[in-house]
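Let me begin by presenting the structure, written as structure tokens, before commenting on it.
Protein chains: 2
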Amino acid sequence: MKTYAEMTREELQGEKDRLQARYDKYMSQNLDLNMARGKPSVEQEEASIEMLDILNSRSNLNTEEGMDVLNYGNLTGLKETKRLFSEILEVPEEKIVIGGNSSLNMMFDYLMQCYAMGAGEGLEPWVLQGGCKFLCPSPGYDRHFGIAEYLGLELIPVPMTDIGPDMDLVEELAKDPKVKGMFCVPKYANPTGQSYSDETVKRIATMEAAPDFRVIWDNAYVIHDLTGRHDDVLDLLSECEKVGNPDRAVLFASTSKVTFPGAGVAVLAANEDNLKWILKRMDKQTIGSDKINQLRHVRYFSNGLPDVKAHMDTLAGIITPHFNVVLASFERKLRPRDICSWTNPNGGYFISLDCMEGTATRVYNLCKECGVTLTTVGATFPYGKDPKDSNIRIAPTYPSLEDLAIATDVLCIAIRLAALEKLLND
Amino acid sequence: MKTYAEMTREELQGEKDRLQARYDKYMSQNLDLNMARGKPSVEQEEASIEMLDILNSRSNLNTEEGMDVLNYGNLTGLKETKRLFSEILEVPEEKIVIGGNSSLNMMFDYLMQCYAMGAGEGLEPWVLQGGCKFLCPSPGYDRHFGIAEYLGLELIPVPMTDIGPDMDLVEELAKDPKVKGMFCVPKYANPTGQSYSDETVKRIATMEAAPDFRVIWDNAYVIHDLTGRHDDVLDLLSECEKVGNPDRAVLFASTSKVTFPGAGVAVLAANEDNLKWILKRMDKQTIGSDKINQLRHVRYFSNGLPDVKAHMDTLAGIITPHFNVVLASFERKLRPRDICSWTNPNGGYFISLDCMEGTATRVYNLCKECGVTLTTVGATFPYGKDPKDSNIRIAPTYPSLEDLAIATDVLCIAIRLAALEKLLND
Numbered sequence: 001m002k003t004y005a006e007m008t009r010e011e012l013q014g015e016k017d018r019l020q021a022r023y024d025k026y027m028s029q030n031l032d033l034n035m036a037r038g039k040p041s042v043e044q045e046e047a048s049i050e051m052l053d054i055l056n057s058r059s060n061l062n063t064e065e066g067m068d069v070l071n072y073g074n075l076t077g078l079k080e081t082k083r084l085f086s087e088i089l090e091v092p093e094e095k096i097v098i099g100g101n102s103s104l105n106m107m108f109d110y111l112m113q114c115y116a117m118g119a120g121e122g123l124e125p126w127v128l129q130g131g132c133k134f135l136c137p138s139p140g141y142d143r144h145f146g147i148a149e150y151l152g153l154e155l156i157p158v159p160m161t162d163i164g165p166d167m168d169l170v171e172e173l174a175k176d177p178k179v180k181g182m183f184c185v186p187k188y189a190n191p192t193g194q195s196y197s198d199e200t201v202k203r204i205a206t207m208e209a210a211p212d213f214r215v216i217w218d219n220a221y222v223i224h225d226l227t228g229r230h231d232d233v234l235d236l237l238s239e240c241e242k243v244g245n246p247d248r249a250v251l252f253a254s255t256s257k258v259t260f261p262g263a264g265v266a267v268l269a270a271n272e273d274n275l276k277w278i279l280k281r282m283d284k285q286t287i288g289s290d291k292i293n294q295l296r297h298v299r300y301f302s303n304g305l306p307d308v309k310a311h312m313d314t315l316a317g318i319i320t321p322h323f324n325v326v327l328a329s330f331e332r333k334l335r336p337r338d339i340c341s342w343t344n345p346n347g348g349y350f351i352s353l354d355c356m357e358g359t360a361t362r363v364y365n366l367c368k369e370c371g372v373t374l375t376t377v378g379a380t381f382p383y384g385k386d387p388k389d390s391n392i393r394i395a396p397t398y399p400s401l402e403d404l405a406i407a408t409d410v411l412c413i414a415i416r417l418a419a420l421e422k423l424l425n426d
Numbered sequence: 001m002k003t004y005a006e007m008t009r010e011e012l013q014g015e016k017d018r019l020q021a022r023y024d025k026y027m028s029q030n031l032d033l034n035m036a037r038g039k040p041s042v043e044q045e046e047a048s049i050e051m052l053d054i055l056n057s058r059s060n061l062n063t064e065e066g067m068d069v070l071n072y073g074n075l076t077g078l079k080e081t082k083r084l085f086s087e088i089l090e091v092p093e094e095k096i097v098i099g100g101n102s103s104l105n106m107m108f109d110y111l112m113q114c115y116a117m118g119a120g121e122g123l124e125p126w127v128l129q130g131g132c133k134f135l136c137p138s139p140g141y142d143r144h145f146g147i148a149e150y151l152g153l154e155l156i157p158v159p160m161t162d163i164g165p166d167m168d169l170v171e172e173l174a175k176d177p178k179v180k181g182m183f184c185v186p187k188y189a190n191p192t193g194q195s196y197s198d199e200t201v202k203r204i205a206t207m208e209a210a211p212d213f214r215v216i217w218d219n220a221y222v223i224h225d226l227t228g229r230h231d232d233v234l235d236l237l238s239e240c241e242k243v244g245n246p247d248r249a250v251l252f253a254s255t256s257k258v259t260f261p262g263a264g265v266a267v268l269a270a271n272e273d274n275l276k277w278i279l280k281r282m283d284k285q286t287i288g289s290d291k292i293n294q295l296r297h298v299r300y301f302s303n304g305l306p307d308v309k310a311h312m313d314t315l316a317g318i319i320t321p322h323f324n325v326v327l328a329s330f331e332r333k334l335r336p337r338d339i340c341s342w343t344n345p346n347g348g349y350f351i352s353l354d355c356m357e358g359t360a361t362r363v364y365n366l367c368k369e370c371g372v373t374l375t376t377v378g379a380t381f382p383y384g385k386d387p388k389d390s391n392i393r394i395a396p397t398y399p400s401l402e403d404l405a406i407a408t409d410v411l412c413i414a415i416r417l418a419a420l421e422k423l424l425n426d
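As you go down the protein sequences, you meet chains A and B in turn. For the first sequence, the numbering used here assigns the number 1 to the initial residue and increments by one for each residue that follows. For the second sequence, the numbering used here assigns the number 1 to the initial residue and increments by one for each residue that follows.
This is the structure:
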């Protein structure tokens, strides 16, 4: 089978006509399919549904330390919740603070604190320093970039590689004292699905940077393996401690993609001084997060990490077929044309697809017109602008396998049509 | 019976000796009693305990609009949650935003936004204006003052009267463009238990103030009646709208003292422009708060306000006897001595006691040494300093009636001892 590069103009035109006919057929079907957000499916929710039966009016509602979870109190989280996350994150309990239902909320609040009050005792607030910048490995998570943009920080894109952000560039950029930090999804990154190498983690810990440079280490997919293979990522907190930069990083995670997306438990972890600084704020911000939901989680995973891992295996059994539908379709329909590339991650929630440069927006629109919603092109880049107009984030979890097969077929047709339009117009 | 003012020095000394003997007797009992925080009792929690049975794995987990509460989505709150709070707060649904489990958290986040990003579109952030001040009706809620102090605002005390803060002084102070707002607990105020008169509310709405002056209208006790009598307070949001100051106020409330203190549902309400400004921040801060807990609440109060009111009547039946133990004891043991005054509120969580000037710290310490913990003296004033060393906030809800009777007896002895020490030393 010829690649598009090998085809004559006539062959390309013939291919385009054939695909256009298939596209038109889909157009007539009034599809309404969505691959835009990394949203767990109903089957995934069902896998946790018995968590709703864990606590009822007849339950013992005291923690292992004898605290009544219904009442006020407990700023940093229940001891048993910390222990569970300590096992999941491989971070000591005493570094952990439990939050509400959203790790995004914890990140926002932390960055807001750095911005308005400074990143630590005696450090000038970013708002008063003016002109502060933040490194954004791209493609990355749009909601990360959204926080920094809201705070008026300048977003600096850094290309992602298959072992993390381009560290030569990061090291160069971080020398600027106005560069105040970096967003990282170190494991099964959103959206590339790739993980940071040990060298990347060590370089982040060691590099020269401002004293108030802060890495937002969003370990959202820390236990979210999909395949037999799984990636291992070094713990940045201890790496930073080792090299004398203990305050460089703050870790975030949640059970949003373990139990219930809208009602999980979020967590942060940090070294001593950062923790003190964060708790100084939280002590004024709240009396404490929802302890009933914390207890529900720890009682549901009563054996700790082994229960969580078994649960994640169940989820992988649900999710992996979704990934496989997309990947098999890409392999069959796109690989032979040699017009794009995509990632095949060992875990996480996304496949990152790079279309032919300059065609991603066209692909998005072709899909949209046909009733297939993709993540907005550019969303994975700072300011929503993909400089190559090439990247599309595929979120295969939410649609049913049947819908996903159709949506992926439409997507493959759109990718090929957009490439053909470009090749024929050049 | 003679008041202390009518007693001779010898009579005072005799009284002191008698009380000292009773105090010493308590000292030997190793008491451990706490009247410090406005914490609901276990019986109050029990009154809501069946809320834990409302949702389980067999429940319909869709909202009335068909949204799955387990998954992501819904920034501002479920339609049915807004409707419930609309009835409770007497504020239109479209002004309402639902939060997590803590209204304090919503207040903190709002004030942080005003501080770091400004109080509205085009308004300079308070942090950049520098030297901003906040009015603190006192005695008031220590956690309010804590937020403003954390942000480095200058706290300006304003004396409370039995119809709200001293409005002559508020009007005068608010003319200063650096004065950026005021904390108000308009109904059954913390700690006085008194409510704002219509005139007070109207004067707050109408007075001259900076364009970014914001009233934190913490309606924490909006339906928390204790007696047959109940106070009515005007809606500040609509009063502000009427007089052309629509952005002056933001309202906060929660079910922390309706259902579960640690796992209730918090809410804010604001007029159009404030709401837009707040949501602009929240849209970056979170995907949405815990919808399962929202659904649990609205299903528990399935008939809306009548169910909530019946529930509050049940709670009043539990709480009122606690107030009565304290008030009856004060009436019998303190009234005849004419050395202090206290409030007798129609609702809320506190009794505010004014001891003889200059003796509150001594009363606190006498109680403390005897194993009875009171709210820290001064906590109800900015910077934790009561200028008259007189006010003590009594929180009668949490201890059992038996414990409360003992604690109150110790307190009355301490109040009288401290007064006698002062009178004998003068």
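All residues carry an ideal CB built from backbone N, CA and C; glycine is no exception.
Candidates the options: closest to residue i by CA position
| i | options | result |
| --- | --- | --- |
| A:Ile287 | A:Gly164, A:Leu237, A:Lys333, A:Leu75 | A:Leu75 |
| A:Leu353 | A:His144, A:Thr314, A:Gly384, A:Ala395 | A:Ala395 |
| A:Gln224 | A:Ser57, A:Leu374, A:Gly347, A:Asn62 | Residue identity check: residue 224 of chain A is His in the sequence provided, not Gln. The shortest Cα separation from A:His224 among A:Ser57, A:Leu374, A:Gly347, A:Asn62 belongs to A:Gly347. |
| A:Asp198 | A:Thr206, A:Gly99, A:Arg332 | A:Thr206 |
| B:Pro387 | B:Ile204, B:Pro157, B:Ala210, B:Leu237 | B:Pro157 |
| A:Asp434 | A:Cys367, A:Arg203, A:Ala148, A:Cys412 | The question about residue 434 of chain A has no answer here: the residues shown for chain A are numbered 1 through 426. |
| B:Phe213 | B:Pro92, B:Asn274, B:Phe85, B:Lys242 | B:Asn274 |
| B:Ala116 | B:Ile278, B:Gly100, B:Ala210 | B:Ile278 |
Which of helix, strand or coil DSSP assigns to residue i
| i | result |
| --- | --- |
| B:Lys133 | strand |
| A:Cys370 | coil |
| B:Asp232 | coil |
| A:Asp426 | coil |
| B:Cys390 | It is worth fixing the name first, because residue 390 of chain B is Ser in this sequence and not Cys. Coil, per DSSP. |
| A:Met51 | helix |
| B:Ser57 | coil |
| B:Ser329 | helix |
| A:Ser86 | helix |
| B:Leu155 | strand |
Cβ-Cβ distance between residue i and residue j below 9 Å
| i | j | result |
| --- | --- | --- |
| A:Thr3 | A:Ile415 | no |
| B:Ala263 | A:Val267 | no |
| B:Leu234 | B:Val201 | yes |
| B:Glu43 | B:Ile351 | no |
| B:Asp290 | A:Asp290 | yes |
| A:Ser103 | A:Ala253 | yes |
| A:Ala418 | A:Cys370 | no |
| B:Asp231 | B:Tyr188 | yes |
| B:Ile392 | B:Leu366 | no |
| A:Arg248 | A:Val215 | yes |
| B:Thr397 | B:Lys39 | yes |
| A:His311 | A:Thr81 | no |
Identity of the residues DSSP links to residue i by a beta bridge
| i | result |
| --- | --- |
| A:Leu251 | A:Trp217, A:Ala269 |
| A:Asn293 | Paired residues: none, contrary to the question. |
| A:Met106 | Looking at the DSSP assignment, A:Met106 forms no beta bridge with any residue, so it has no partner. |
| A:Trp277 | BP columns for A:Trp277 are empty, so no partner. |
| A:Asn62 | A:Asp68 |
| A:Gly181 | A:Arg214 |
| A:Pro510 | What is shown of chain A runs 1 to 426, which leaves residue 510 of chain A out entirely. |
| A:Ile98 | A:Val267 |
| B:Ser352 | B:Arg393 |
Residue i burial status per 10 Å Cβ neighbour count (16 or more: buried)
| i | result |
| --- | --- |
| B:Thr227 | exposed |
| B:Thr8 | exposed |
| A:Ser256 | buried |
| A:Val326 | buried |
| A:Gln29 | exposed |
| B:Asn245 | buried |
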